[in-house]
Amino acid sequence: MALVGILGKRDQGKGEFGDISQVPNEPSLKRTDLLELLDALPTYISIISPQMTVLWANSALKRALEGGVGRPCYEAYEGESGPCKGCLLERALATGRTETWIQTLRSPGIGNVQTLVQAVPLKAMGFDIPGALKVSTDITPLTSRLRQLEISQREYRALFEGIPCYISVQDRDFRIIKTNGLFRRDFGRATGRRCYEVYKGRDIKCEPCPVEKTFTDGRIHFSEETVRKRTGEPMEVVVYTAPVKDQVGQTFAVMEMSTEITQVKTLQRELASLGQAVAITAHSIKNLLMGLEGGAYVVKSALKRQDPELAQKGWEMIREGVDLASNLVRDILLISRHREPEFSEVDPSDLARQVVKVFMKKAEDLGIGLDLETPGKRTTLWCNPKAIHTALANLVANALDACASGSTFKMPRVILRVWEVEQERAICFQVQDNGPGIPKDLQEKLFKEMVTTKGASGTGLGLLVTHKIVKEHGGRILFRASSGGGAVFEVILPQRP
Amino acid sequence: MSGKILIVDDEPAMLTYLSTVLQDGGFETICCSTAQEAWQKAQEERPDLITLDLLMPEKTGIKLYRDLKKDERLSRIPVVIITGFTSERFPSIDFRKFIYERSIPGPEAFMEKPVNPGDLMETVRRILSGK
């Protein structure tokens, strides 16, 4: 049937076709031209009767369906033998409103074509005839692109989820927006919680914070952190933070990627320990030899002079050299051997009390006041008590030695203080003395190299050992000069590392 | 050879050792364990030579050295620096540089512990004989 015939009634109407042809100064466009245009359009157009028969099809559709006019819509378009379930064209005719859906057009010649269909009841267009205009646009390129997008999204998700490091995306409040699979496995479901809570069980953000830096300057930052898995197991990680920017280049989130480096760090520490041990051994052996050779010389000379007092002094030198040798060996073993930490919960005040007790006699002999200040209430510390005892003992021993060697104008005094640092959930042990203090040039090296102010009687290992123990507990050690002269050392340990 | 040698070291063992070696070599010795005491003794006793440890409490050996070399009456006394500082132990600090300030002459000798008795005697004799 010719289109002009079907739409014949529209000839008397006041449709747009008539209006267009009357636009002044425009080339006149006849109705037949428009119909030809419709026929020539590269979309698939048909007119469907209320009985679902294809009454007319444009050339593109006829080519695709290899005919089709006069056949049922479902058969012509989809090769189906019966009407489609919930047919939307039927609904368009019933409601008089345009319906839109996606249909796979099955063409014998070109195969399946994904189409976006719009069915407009002819009545809605002002034609007083039943039936609907069905316009189908080929959206195959679009759907294939969508499919590609879907695939790449799936791949990205698989990559994000499966990557063997911890990834989280955080907002400006350090709230976690998104996490990957490994993160969820080791830190649990963290979305909505704050980074520092999840990683470290803290109430306040860490200082410095690489995420904050990235928010501030939009650049990549990194840091090394000790975090704790949900099982409580500590882990050393290297953290990289990168900005996530919107279309205008504003950072609206930060991606944090953490890689476990516990093993690397352990190896690094072992190598460093080995290096330190070698260096310490070389230095300390010099001091040791000085004591032994010097002592031997003095004893020999004293025997020649028949001077028992001098012989005694020489003998003391030899004895000190032997002591130094045994201390040296003990310290090297402490620093170079990896010990499995034996953790238990203790009252830090009890620990401090034991240390003071050990040194009380020495302090009295030296005429030095040794005092203990502890908090009134009981508190707890999860630590390796033997190791912390060694660390505190080293600091107290140093303080006593400093007072013994130092000033004469004031009452020498060493104080060991213990208190709770509530905002950090930490315990602080402070050892203060009013000795001569530590020369400026040595202060910077305190925990890095073997430093001693005790000449041949010190190996300089004590502080290194102390530092190692504190680090093993996830704590920190600070030094400052005391306002009244002397030195102040503070060991700050998390109550649960 | 004889003479009076002032030994400055904060370690009693070192004082005993150095004085024994020097006494055996025929020298009279005066021992001081602090820089203050040494400064006083140097003025009172006018020794022929001073052995000096660099790192001591209160006033460091470096400061004492500078004071000695700036003092008109004492600057001529030769000084042998004997110290536990070594370049390996404190790689970032050049202690010789500390002392070899432009305005101050350098010490007559610089010895690192452990000090061998023979080396010490040889050094002291060489300095005192003016060779």
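Quick note, the sequences are listed as chains A and B, same order.
Going by our numbering, the first sequence opens with residue 1, and the numbers climb by one from there.
Going by our numbering, the second sequence opens with residue 1001, and the numbers climb by one from there.
Ideal placement from N, C-alpha and C gives every residue a C-beta, glycine not left out.
- If the five residues before and after Gln354(A) are omitted, its C-beta is found closer than 8 angstroms to the C-beta atoms of His389, all from its own chain and listed in chain order.
- If you check each beta-carbon in the segment 173-205 of chain A against every beta-carbon of chain B, none falls closer than 9 angstroms.
- Out of Ile220(A), Glu260(A), Val237(A), Arg230(A), the CA that lies nearest to the CA of Val244(A) is found in Ile220(A).
- If you check the CB distance, Pro375(A) and Val414(A) do not come in under 8 angstroms.
- At the C-beta level, Ile1030(B) and Glu1045(B) come within 8 angstroms of one another.
- Taking Gly1026(B) as the centre and dropping the five residues before and after it, the same chain places the C-beta of Met1001, Ser1002 closer than 8 angstroms to its C-beta, in chain order.
- Check the Cα spacing between Met360(A) and each of Ala397(A), Ala119(A), Pro385(A): the tightest is with Ala397(A).
- When C-beta atoms of the segment 138-145 of chain A are compared with those of the segment 111-121 of chain A, three or more pairs fall below 8 angstroms, so the two segments count as touching.
- The Cβ-Cβ distance between Leu351(A) and Phe489(A) does not fall below 8 angstroms.
- Counted as a single uninterrupted DSSP element, the alpha helix (DSSP H) harbouring Ala76(A) occupies residues 73-78.
- In this structure, Leu400(A) lies near Leu366(A), with their beta-carbon atoms less than 8 angstroms apart.
- In this chain, the beta strand (DSSP E) harbouring Met257(A) covers 251-260.
- The residues Leu89, Ala92, Glu99, Ala132, Lys134, in chain order, have a CB closer than 6 angstroms to that of Ala119(A) in the same chain once the five nearest residues on each side in sequence are set aside.
- Distance check between Thr241(A) and each of Val248(A), Gln247(A), Val227(A), Asp217(A) places Asp217(A) closest, using alpha-carbon atoms only.
- In the structure shown, the three-state DSSP call for His473(A) is coil.
- For Arg157(A), the uninterrupted alpha helix (DSSP H) run begins and ends at 140-162, by DSSP.
- Residue contact check for Tyr156(A) against chain B: no CB pair falls below 8 angstroms.
- Only residues of its own chain outside the window of five on either side were considered, and among them Arg228 have a CB closer than 7 angstroms to the CB of Gly201(A), listed in chain order.
- At a cut-off of 8 angstroms between beta-carbon atoms, Glu309(A) makes no contact with chain B.
- Restricted to the segment 305-377 of chain A, the beta strand (DSSP E) segments that are unbroken, complete and at least 3 residues in length are 344-346, 369-373, listed in chain order.
- When the five nearest sequence neighbours on each side are left out, the beta carbons in the same chain lying within less than 7 angstroms of the beta carbon of Thr259(A) are those of Cys165, Val237, Val238, in order along the chain.
- DSSP, reduced to helix, strand and coil, places Arg189(A) outside both helices and strands of the structure shown, so it counts as coil.
- The alpha carbon of Arg230(A) has as its nearest neighbour, out of Asp331(A), Gly67(A), Asp246(A), Arg189(A), the alpha carbon of Arg189(A).
- For Lys30(A), the three-state secondary structure derived from DSSP is coil.
- Ile129(A) has its alpha-carbon roughly 14 angstroms from the corresponding atom of Thr53(A).
- Interface flag for Pro412(A) against chain B is unset, since no Cβ pair is found closer than 8 angstroms.
- Contact fails between the segment 1033-1042 of chain B and the segment 1108-1123 of chain B, because fewer than three Cβ pairs, one in each stretch, are under 8 angstroms apart.
- Note on Ala40(A): under 16 other CB atoms within 10 angstroms of its CB, so exposed under the neighbour-count rule.
- Between Val278(A) and chain B, the shortest Cβ-Cβ separation is not below 8 angstroms.
- Exposure of Gln268(A) is indicated by the presence of fewer than 16 other C-beta atoms within 10 angstroms of its C-beta.
- Chain B has no Cβ within less than 8 angstroms of the Cβ of Glu420(A).
- At a cut-off of 8 angstroms between beta carbons, Val1021(B) contacts chain A.
- Within 7 angstroms of the CB of Gly291(A), the CB atoms of chain B belong to Ala1013, in sequence order along the chain.
- Only those residues of the segment 235-261 of chain A whose C-beta falls short of 7 angstroms from the nearest C-beta of chain B would be listed, and there are none.
- In this chain, the alpha helix (DSSP H) harbouring Phe215(A) covers 210-217.
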